[in-house]
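Just below is one structure, and these are the notes that go with it.
Protein chains: 2
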Amino acid sequence: MKRYERLADEIAGLIRSGVLAPGERVPSVRNASRIYGVSPSTVFQAYYLLEDRGLILARARSGYFVREHAQRPLPEPEIGPRSTGATEVDVSDLVFSVLDSLKDPNTVPFGSAFPSPDLFPLARLARSMAQSIRALPPHAVITDMTTGNPDLRRQLALRYMVSGVMLPPEELVITTGAMEALNLCLQVVTEPGDLVAIEAPAFYATLQVLERLKLKAVEIPVHPRDGIDLGILADRLAQLPIKACWFMSSFQNPLGASLDAEKKRRLYALLQRHQVPMIEDDVYAELYFGIQPPRPVKSLDDEGLVMHCGSFSKCLAPGYRVGWVAGGRYAEQISRLKLMTTISPSVPIQAALADYLQHGGYDRHLRKLRHALETQQASMLASAARHFPPNTRVTRPGGGYFLWFEFPQQVDSLQLFQQALAQGISLAPGPIFSATRRFGNCARLNYGHPWDVRSEQAMAVLGRIIASF
Amino acid sequence: MKRYERLADEIAGLIRSGVLAPGERVPSVRNASRIYGVSPSTVFQAYYLLEDRGLILARARSGYFVREHAQRPLPEPEIGPRSTGATEVDVSDLVFSVLDSLKDPNTVPFGSAFPSPDLFPLARLARSMAQSIRALPPHAVITDMTTGNPDLRRQLALRYMVSGVMLPPEELVITTGAMEALNLCLQVVTEPGDLVAIEAPAFYATLQVLERLKLKAVEIPVHPRDGIDLGILADRLAQLPIKACWFMSSFQNPLGASLDAEKKRRLYALLQRHQVPMIEDDVYAELYFGIQPPRPVKSLDDEGLVMHCGSFSKCLAPGYRVGWVAGGRYAEQISRLKLMTTISPSVPIQAALADYLQHGGYDRHLRKLRHALETQQASMLASAARHFPPNTRVTRPGGGYFLWFEFPQQVDSLQLFQQALAQGISLAPGPIFSATRRFGNCARLNYGHPWDVRSEQAMAVLGRIIASF
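Chains as they are written, first to last, in UniProt numbering: chain S, 1 to 469; chain L, 1 to 469.
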């Protein structure tokens with residue numbers, strides 16, 4: 001990372017944490033140069049970048065100011081406890097009708113689960129593909145199926161090491177995307193009828209998997225900023241025979257919430273006390289806006305209780321279908337179950353990703369991607385403040401590419417979804433994120449696509465529909 | 001196909017069917033030229049090819065003769081009915097210990113489930129990969145996940161059409177290999193505890209899947225040449241609440257048996273009468289040695305009862321992990337289940353295969369592959385006749401790359417497996433193909449690798465171990 005990028009990240013951190021409040025003047029170039037011990041031109045470059053990311057604003061002859069919407073133009077939603085027992089899940093039909101709506105490429109994709117493909121280094125990946133397939137020994141197309149590509153496992157173990165997790169490569173099972181990893185983990189630690197603790201709201205695929213495997217959901221409310229309510233989780237673990245927890249500890253989908261280091265420690269202590277395994281769905285881990293990557297619960301796991309699932313689908317190569325799980329004490333069972341169901345993800349694709357990780361400039365790409373997403377978040381927040389009713393609430397996640405909106409009570413987000421779709425705009429209505437069909441006045445919007453006039457117009461249309469309720 | 005290749009195939013058919021008996025003289029070049037209306041040089045080329053494939057033998061000054069082992073040097077095994085009820089399945093540990101033994105590349109791979117990678121056009125596939133990924137529109141990496149690559153679906157539908165099956169491309173669900181397709185099909189039509197009719201012996205993965213899904217096996221005996229016993233199947237369907245049939249109608253693994261057209265019609269009539277869906281595992285379909293491809297049961301299916309599963313893993317691209325299912329009336333459910341478990345096989349790999357099918361010369365490759373396999377079969381049969389006890393029985397399949405050996409009663413194939421492995425030779429012992437651990441004196445040997453001195457020596461070693469029992 002260049003010096004000016006680091007400086008920009010530091011100042012962005014001050015803005016996010018509220019040290020620099022909205023409307024406040026940021027240090028002059030001369031002062032900043034002195035404080036940070038860098039040249040004035042480095043400060044200028046950093047300020048240009050922050051302006052570009054929508055965080056500060058130049059005012060003629062008075063310097064730079066923190067943008068009003070860079071803090072929080074709309075208040076945060078609040079998600080309290082509701083159901084206390086276990087719930088059968090039946091949400092699949094609704095989810096599929098939403099997913100079907102995304103097929104038309106002309107729809108404004110606020111409902112999408114992926115960032116724009118234009119943000120990914122597809123051409124560079126294609127080169128890695130062409131190079132690696134020529135270098136792949138013929139017998140590898142068969143032997144790599146059982147074990148996964150050894151280079152890819154090594155590269156992944158290296159990345160874990162950098163983020164503070166020491167893993168033998170053998171603990172890693174390469175899967176057909178994180179979705180397969182999550183499915184395998186859950187099957188290894190549960191039987192039909194078992195109880196599983198999940199988040200509320202939860203990623204809709206979590207609900208679909210529970211439904212499919214005939215598992216019962218114990219919903220743990222998620223605070224929009226700090227993540228799951230550990231007090232409620234502790235109660236549920238004490239009262240109910242919960243067989244597994246399935247949580248996203250960083251940039252939770254759909255809220256974008258993250259547990260801080262202290263909460264992660266307390267969560268792991270709970271798992272240890274009850275000897276309940278946790279499936280840590282960490283597919284947004286690389287999409288942090290801060291300076292440091294968040295450390296997963298897995299980094300605390302000295303008992304092998306945590307199955308940590310990752311993927312390239314959200315940060316590098318959607319559609320390549322390569323994910324993995326660091327399976328802890330369950331790694332061998334997960335690997336066997338995988339061999340019995342899909343055998344392996346594509347071997348040449350694994351080789352291509354290994355080549356890219358080694359030579360492709362992955363970290364450079366990730367820095368660009370994070371900045372793009374942070375900029376787009378600022379644009380969507382600003383746009384929402386312009387077009388949505390002032391009593392709308394919205395999250396302000398420190399990573400990922402989703403905002404969660406809580407509209408006034410009378411808004412029915414399933415109707416909103418239908419009306420918006422009729423005008424060529426997709427969104428993900430709240431009820432698909434709940435086993436109990438809560439969040440009827442909420443919606444998840446994707447800011448993973450470069451912001452343009454069409455996005456702005458779509459927000460205005462949504463604002464009008466919301467106001468009409 | 002060239003004229004001389006067609007002629008060779010016709011004569012090979014006469015040999016296989018016994019019209020031309022072992023030791024018998026094949027028509028002289030002059031006679032053959034007259035009978036078939038081709039030039040003498042075409043006949044010579046055909047005879048050279050047949051000699052190369054191990055079917056005929058030139059004797060100095062007396063012409064060509066059918067080789068002794070080209071017919072059947074060892075008699076066929078016989079597989080009778082045994083268990084009549086439904087059986088819980090528990091075979092996985094045994095299967096994994098066999099699969100583990102295959103990891104060492106120095107082992108003679110008679111136990112392998114795949115042909116040699118050297119028989120596949122990996123370099124040409126790499127070119128298709130490089131070309132197609134450059135041409136892939138960015139948004140396809142996301143949209144193709146739901147529907148599968150449209151070109152690949154079209155190419156597959158075309159190939160079905162040529163083999164007499166009319167399919168709308170929408171009925172095709174592209175999967176992570178046939179293994180995923182088979183798993184999905186079974187889950188769509190069964191609940192835990194249900195009864196499923198399978199073959200005895202059966203492909204071991206079938207048994208593992210039943211075990212995993214807690215389904216009960218109803219074993220239908222397979223005749224080594226003609227396939228499942230329809231009389232017994234009819235009885236079982238009448239007596240037991242069987243929810244699905246899972247059969248390989250052509251080149252069954254491990255026996256290599258195929259149902260002829262008439263038996264396929266009778267099988268389909270049974271399915272219709274009882275309205276029981278059939279999962280048709282047809283992954284060896286392209287590896288026929290005859291002139292005509294076998295037509296699947298799916299070709300008779302006007303009610304959508306048959307889920308026809310195919311794959312590129314055995315005939316073109318192992319390790320690419322692309323298979324499919326023509327799902328009949330279950331296609332939509334299968335597709336949804338796939339979206340909930342792995343979402344999709346790799347999108348760029350699908351594009352590469354679509355490109356190869358269109359431009360790569362797939363049919364030319366398949367002809368070469370079939371001839372190589374047929375030649376290797378002749379070599380292994382001849383070698384078995386030289387080295388194995390004369391009361392050994394063996395199949396003589398018309399396609400695929402497996403021979404099934406039935407050794408004298410006192411041979412314990414699990415011990416044989418261990419002793420052979422200690423000498424660097426793998427094989428697939430009989431009990432892994434049975435829910436009831438039958439076939440203790442049988443083994444499946446893979447002839448999918450080019451025959452060489454090492455193969456011959458390995459057969460001699462196996463012969464000595466067998467004789468020692």
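Every residue, glycine too, gets a C-beta built ideally from N, C-alpha and C.
When DSSP labels each residue in this structure, what does residue i get in the three-state scheme?
i: A326/L; result: strand
i: C245/S; result: strand
i: R438/L; result: coil
i: R34/L; result: helix
i: F433/L; result: helix
i: E406/L; result: strand
i: T206/L; result: helix
i: L287/L; result: coil
i: V347/S; result: helix
i: S468/L; result: coil
i: G399/S; result: strand
i: I11/S; result: helix
i: R16/L; result: helix
i: R72/L; result: Any answer about R72/L is weak, because its pLDDT of 49 lies below 50 and its placement is not dependable; what the coordinates show is given next. Coil, per DSSP.
i: L427/L; result: coil
i: L445/S; result: strand
i: G281/S; result: Reading the sequence as shown, one finds Asp at residue 281/S and not Gly. It is a strand residue.
i: E211/L; result: helix
i: L94/L; result: helix
i: L300/S; result: helix
Please list the terminal residues of the continuous beta strand (DSSP E) segment that includes residue i.
i: P40/L; result: Note, P40/L: premise wrong, no beta strand (DSSP E); alpha helix (DSSP H) at P40 to D52.
i: C309/L; result: V306 to S311
i: H223/L; result: K216 to H223
i: G63/L; result: G63 to V66
i: A238/S; result: Counting along the chain, A238/S falls outside any beta strand (DSSP E), though it belongs to the alpha helix (DSSP H) covering L230 to Q239.
i: V196/L; result: L195 to A200
Are residue i and residue j closer than 8 Å when you measure CB to CB?
i: A443/L; j: L421/L; result: no
i: F405/L; j: L369/L; result: no
i: A217/S; j: L207/S; result: yes
i: I232/S; j: P224/S; result: no
i: R153/S; j: L172/S; result: yes
i: I349/L; j: S346/S; result: yes
i: L74/L; j: R393/L; result: yes
i: M129/S; j: A352/S; result: yes
i: S284/S; j: F247/S; result: The sequence shown places Tyr at residue 284/S, not Ser. No, Cβ-Cβ distance for Y284/S and F247/S is not below 8 Å.
i: V322/S; j: G177/S; result: yes
i: L287/L; j: G148/L; result: no
i: I291/S; j: G18/S; result: no
i: D104/L; j: P450/L; result: no
i: L300/L; j: L270/L; result: no
i: L403/S; j: P431/S; result: no
i: P40/S; j: R25/S; result: no
i: P293/L; j: S163/L; result: yes
i: L55/L; j: A378/L; result: yes
Could you spell out the range, first to last residue, of the alpha helix (DSSP H) harbouring residue i?
i: A58/L; result: Taken as a continuous stretch (DSSP letters only), A58/L belongs to no alpha helix (DSSP H), being part of the beta strand (DSSP E) at I56 to R59.
i: S379/L; result: Y362 to H387
i: H274/S; result: A261 to H274
i: K338/S; result: A331 to T341
i: M179/L; result: G177 to V189
i: L416/S; result: S413 to A422
Going by C-alpha to C-alpha distance, which of the options sits closest to residue i?
i: E51/S; options: P40/S, A60/S and F65/S; result: F65/S
i: L195/S; options: C245/S, Y160/S and S163/S; result: C245/S
i: E332/S; options: S17/S, T107/S, V189/S and L357/S; result: V189/S
i: Y48/L; options: A317/L, P121/L and Y4/L; result: Y4/L
i: S62/S; options: F44/S, S41/S and S28/S; result: S28/S
i: E219/S; options: D226/S, L240/S and R212/S; result: L240/S
Whole alpha helix (DSSP H) elements within the stretch 105 to 174 of chain S, 4-residue minimum: For the alpha helix (DSSP H) assignment, the uninterrupted runs of no fewer than 4 residues enclosed by the stretch 105 to 174 of chain S are, from N- to C-terminal side, 122 to 135, 140 to 147 and 150 to 162.
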